[in-house]
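> I have a structure here, written as structure tokens, and I will follow up with some questions on it.
Residue numbers (this note's numbering): 412 to 590.
Okay, structure coming up:
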């Protein structure tokens, strides 16, 4: 990651200089830098980049542009990683509602956001609600992308977790075995 950070920094500095701070490609790179820092566990630094990207994307691209929606999800992921579940919910909900409206319920990005809501509900201990989100995402994902797609397999595992957390061990085992 440290080596990658050097290259990300260089690319971002060049984009800022050549394209400007609010060019769509620069904003993507700012968001990617946030992803890299989040993956390194540098949450405070990541939040600075995510905030910059999201604020500029809202202003330049609008609240319903796919890049803006992905940045909302990334901010939700960061907050979720930090255990700030109520704050994460705000971003996850806004992203999911907009993705449903703009992209439809079967778009891969929408399915990822439905999965995020399931994971959040699971983290909040709202296992029944998590199961509802996972069921929706899994049924659609199977139909659209098939049983062996990586997100499908992830959703199958997540469903097993939600069922296990409810004490439905036999049902959970079926999902774990499939995953």
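Note that CB positions come from ideal geometry on N, CA and C, so glycine has one too.
1) Take the Cβ of residue 563 as the centre, count every other Cβ of all protein chains shown within 10 Å, and call the residue buried at 16 or more, exposed below.
2) Buried or exposed: residue 523, going by 16 or more other Cβ atoms within 10 Å of its Cβ?
3) Let me know the secondary structure DSSP gives residue 419 once reduced to three states.
4) Per the contact definition of three or more C-beta pairs closer than 8 angstroms, is the segment 463-475 in contact with the segment 422-434?
5) Suppose the cutoff is 6 angstroms on Cβ atoms and the five residues either side in sequence are ignored; what does the same chain contact list for residue 446 look like?
6) Could you give the first and the last residue of the continuous alpha helix (DSSP H) run that contains residue 510?
7) For residue 541, name the three-state secondary structure that DSSP assigns.
8) Can you tell me whether residue 551 is buried or exposed? The criterion is at least 16 other CB atoms within 10 Å of its CB, across all chains shown.
9) Check the C-beta distance from residue 440 over to residue 480 and give it rounded, since I have them as a contact under 8 angstroms.
10) Which of the three DSSP states, helix, strand or coil, is assigned to residue 474?
11) For the candidate residues 418, 573, 451 and 525, whose alpha-carbon lies nearest to that of residue 511?
12) Need the endpoints of the alpha helix (DSSP H) that residue 590 sits in, please.
13) How big is the Cα-Cα spacing for residue 463 and residue 513?
14) Have a look at 425, 437, 455 and 504 and flag the residue whose alpha-carbon is nearest the alpha-carbon of residue 478.
In this structure, then:
1) Working through the chain shown from its first residue, we reach residue 563 at position 152. Counting of Cβ neighbours within 10 angstroms places residue 563 among the buried residues, the total reaching 16 or more.
2) Residue numbering aside, residue 523 sits at position 112 when the chain shown is read from its first letter. Around the beta-carbon of residue 523, 16 or more other beta-carbon atoms lie within 10 Å, marking it buried.
3) To locate residue 419, count along the chain shown from 1; it is residue 8. In the structure shown, residue 419 sits in a helix (DSSP, three-state: H, G or I).
4) With the cut-off at 8 angstroms, the segment 422-434 and the segment 463-475 touch.
5) If you number the chain shown from 1, residue 446 lands on position 35. Beyond the five residues adjoining it in sequence on each side, residue 446 comes within less than 6 angstroms, by CB distance, of no other residue in the same chain.
6) Here residue 510 is taken as the residue at index 99 of the chain shown, counted from 1. Counting along the chain, the unbroken alpha helix (DSSP H) around residue 510 starts and ends at 496-513.
7) Translated into the one-based positions of the chain shown, residue 541 becomes position 130. If DSSP states are grouped into helix, strand and coil, residue 541 belongs with the helices.
8) What you label residue 551 is simply residue 140 of the chain shown in a count that begins at 1. Residue 551 counts as buried, since at least 16 other C-beta atoms from the protein chains shown sit within 10 angstroms of its C-beta.
9) As a working mapping, residue 440 is identified with position 29 in the chain shown. As a working mapping, residue 480 is identified with position 69 in the chain shown. No, residue 440 and residue 480 are not in contact; Cβ-Cβ is about 18 angstroms, not under 8 angstroms.
10) The residue you call residue 474 lines up with position 63 of the chain shown. Reduced to three states, the DSSP call for residue 474 is coil.
11) Residue mapping note: residue 511 aligns to position 100 of the chain shown, counting from 1. Residue 511 has its Cα closest to that of 525, out of 418, 573, 451 and 525.
12) For the purposes of this step, residue 590 is identified with residue 179 of the chain shown, where counting begins at 1. First-last for residue 590: undefined, no H or E at that position.
13) Within the chain shown, residue 463 is the residue found at index 52, counting from 1. Within the chain shown, residue 513 is the residue found at index 102, counting from 1. If I take the Cα positions, the gap works out to 23 angstroms.
14) Locating residue 478 in the chain shown gives position 67, where the first residue counts as 1. When each option's Cα is compared against that of residue 478, the closest is 437.
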